[in-house]
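Peer 1:
Number of protein chains: 2
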Amino acid sequence: MQTILSDFTKHLKAEGLRLTKERVHLLETICSFKGHFIADDILFAIKSRRKSGSRATLYRLLPVLVKASLIQQSLLYDGQTKYEVTWNKAHHDHLICSSCSMVIEFKHNTIEILQREIANKYGFILDRHVMELVGRCKDCRRKNDVSPRLC
Amino acid sequence: MQTILSDFTKHLKAEGLRLTKERVHLLETICSFKGHFIADDILFAIKSRRKSGSRATLYRLLPVLVKASLIQQSLLYDGQTKYEVTWNKAHHDHLICSSCSMVIEFKHNTIEILQREIANKYGFILDRHVMELVGRCKDCRRKNDVSPRLC
DNA sequence: CCACTATTGAGACGTAATCTCAATAATATA
DNA sequence: TATATTATTGAGATTACGTCTCAATAGTGG
């Protein structure tokens with residue numbers, strides 16, 4: 002059976018990296034999150050579970066996990082680098098309300114195909130992409146359309 | 002005639018912000034750049050043109066200009082927040098080589114239309130988007146495909 | 001089990017960006 | 001135009017995020 006850990010192990014070997022307790026522990030912690038998280042969420046979680054755990058090790062691991070396609074980065078427009086687990090999950094992109102920060106996940110096959118075509122046209126092989134649509138949701142538009150009160 | 006300054010003025014008024022000398026000066030400086038630039042490029046430019054100019058003011062202005070769609074942010078995958086002027090320019094997205102950092106600008110009308118459709122489907126009105134395709138260019142792939150030397 | 005080498009962790013460090021607050025400038029109103 | 005009101009500015013302190021260093025430690029292949 003294929004687990005995130007077995008895929009991780011495979012990737013480490015392929016890259017000549019070692020499977021250490023700390024890396025496994027970090028991966029487990031990361032997998033416990035639902036949805037988006039930031040580096041500090043992980044740091045806080047590992048420090049509360051047991052004494053040890055260092056920022057350096059975490060920051061060294063994150064790009065490895067991204068490269069292994071176990072997690073992905075997203076912007077979500079509030080300045081902090083956010084991540085989410087993507088292993089065994091359907092790929093999706095984000096639609097974000099610039100007013101209330103609501104995030105909607107969506108997938109669009111045609112766009113995915115077109116993106117690959119574009120890359121190929123320029124001689125690239127596409128590894129990944131970031132696509133984030135920013136707009137205003139129905140509720141926030143309604144709120145703003147209310148005429149200003151006179152008092 | 003419509004200038005970037007007149008659009009800027011309009012936007013400021015609409016947002017209840019004031020048209021100040023410093024803001025105009027910053028905008029002029031920003032307009033003098035070709036292609037991508039970072040916050041520090043602007044800071045350096047305004048400090049060399051005249052004595053004054055503060056980081057705080059610049060960083061306060063940048064999100065205003067983004068919101069007014071006069072500039073846009075891009076990631077371009079090297080850790081620093083990059084900007085480019087988008088006023089009166091054909092919109093484009095980026096294709097980036099993860100190995101040599103080459104950037105190709107492209108535009109794809111179908112994708113633009115689909116993006117707007119997606120937003121509408123979820124009740125959003127689309128203001129802007131970020132789409133960056135990351136892959137490996139032909140040259141970098143070739144370099145890596147060379148068999149490793151034995152010594 | 002040994003030798004070799006990658007990894008870890010604590011904290012120093014670097015850098016981008018934000019915050020503070022008194023002085024100043026822009027706008028609305030009389 | 002003068003005045004009142006309020007946003008803006010700027011210098012520097014401060015924060016926040018991420019990277020680096022290096023000695024101690026832990027994996028790994030033989």
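Residue numbers (my numbering), protein chains in the order written: chain R, 2 to 152; chain U, 2 to 152. Beta carbons: idealized from backbone N, C-alpha and C, even for Gly.
Got a sec: which bits of the region 107-132 of chain R sit with their beta carbon under 7 Å from any beta carbon on chain U, in order along the chain?
Peer 2: Under the 7 Å Cβ criterion, the region 107-132 of chain R contributes 107, 109, 111, 112, 115, 116, 119, 120, 123, 124, 125, 126, 127, 128, 129, 130, 131, 132.
Peer 1: Do the region 7-14 of chain R and the region 50-59 of chain R touch if we need at least three Cβ pairs shorter than 8 Å?
Peer 2: No, they do not touch.
Peer 1: Kindly identify the DSSP beta-bridge partner or partners of residue 106 of chain R.
Peer 2: Per DSSP, R:95.
Peer 1: For residue 61 of chain U, decide whether its Cβ has a neighbour in chain R, counting only Cβ atoms nearer than 7 Å.
Peer 2: It does not; no Cβ of chain R falls within 7 Å.
Peer 1: Kindly indicate which residue of R:32, R:41, R:55 has the alpha-carbon position closest to the one of residue 72 of chain R.
Peer 2: Measuring from the Cα of residue 72 of chain R, the nearest candidate turns out to be R:32.
Peer 1: Which residues in chain U have a C-beta closer than 7 Å to the C-beta of residue 134 of chain R? List them in chain order.
Peer 2: Correct list: 116, 119, 120, 127, 130.
Peer 1: Hey, would you say residue 1 of chain U sits closer than 7 Å to residue 95 of chain U, going by beta carbons?
Peer 2: Chain U is shown from 2 up to 152; residue 1 of chain U falls before or after that span and cannot be answered.
Peer 1: Indicate whether the contact test is met: 3 or more Cβ pairs, each with one atom in the region 124-138 of chain R and one in the region 115-128 of chain U, closer than 8 Å.
Peer 2: Touching, yes, given that three or more Cβ pairs across the two stretches are closer than 8 Å.
Peer 1: Check whether the Cβ atoms of residue 86 of chain R and residue 97 of chain R lie closer than 7 Å to each other.
Peer 2: The answer is no: Cβ separation not under 7 Å.
Peer 1: If we call anything under 7 Å between Cβ atoms a contact, is residue 30 of chain R one with residue 39 of chain R?
Peer 2: Contact: no.
Peer 1: Between which residues of its own chain and residue 37 of chain R is the CB-CB distance below 6 Å, once the five residues before and five after are set aside?
Peer 2: Around residue 37 of chain R: 83, 85.
Peer 1: Over the uninterrupted alpha helix (DSSP H) stretch that includes residue 76 of chain U, give me the two end residues.
Peer 2: Segment: none, residue 76 of chain U is in no alpha helix (DSSP H) and carries neither H nor E.
Peer 1: Using the rule of at least 16 other Cβ atoms within 10 Å of the residue's Cβ for burial, across every protein chain shown, is residue 120 of chain R buried or exposed?
Peer 2: Classification for residue 120 of chain R: buried.
Peer 1: Who does residue 83 of chain R pair with in a DSSP beta bridge?
Peer 2: Residue 83 of chain R is bridged to R:39, R:75.
Peer 1: Report the three-state DSSP secondary structure of residue 134 of chain U (helix, strand or coil).
Peer 2: The answer is strand: DSSP assigns residue 134 of chain U an E or B state.
Peer 1: Which residues in chain U have a C-beta closer than 8 Å to the C-beta of residue 50 of chain R? List them in chain order.
Peer 2: Those do not exist, as residue 50 of chain R stays about 30 Å from chain U at its closest Cβ, beyond 8 Å.
Peer 1: Let me make sure I understand the geometry here. Which of U:138, U:117, U:101 has the alpha-carbon closest to that of residue 117 of chain R?
Peer 2: Selected option, being the one with the closest Cα: U:138.
Peer 1: Which bits of chain U does residue 101 of chain R rub up against, with CB to CB less than 9 Å?
Peer 2: Neighbours of residue 101 of chain R on chain U: none; closest Cβ ~11 Å, over 9 Å.
Peer 1: The alpha helix (DSSP H) with residue 7 of chain U in it runs from where to where?
Peer 2: Run containing residue 7 of chain U: 5-16, per the alpha helix (DSSP H) assignment.
Peer 1: Give me, in chain order, the residues of the same chain whose beta-carbon lies closer than 7 Å to that of residue 23 of chain U; leave out the 5 immediate sequence neighbours on both sides.
Peer 2: For residue 23 of chain U, where only same-chain residues beyond five positions count, the Cβ hits under 7 Å are 58.
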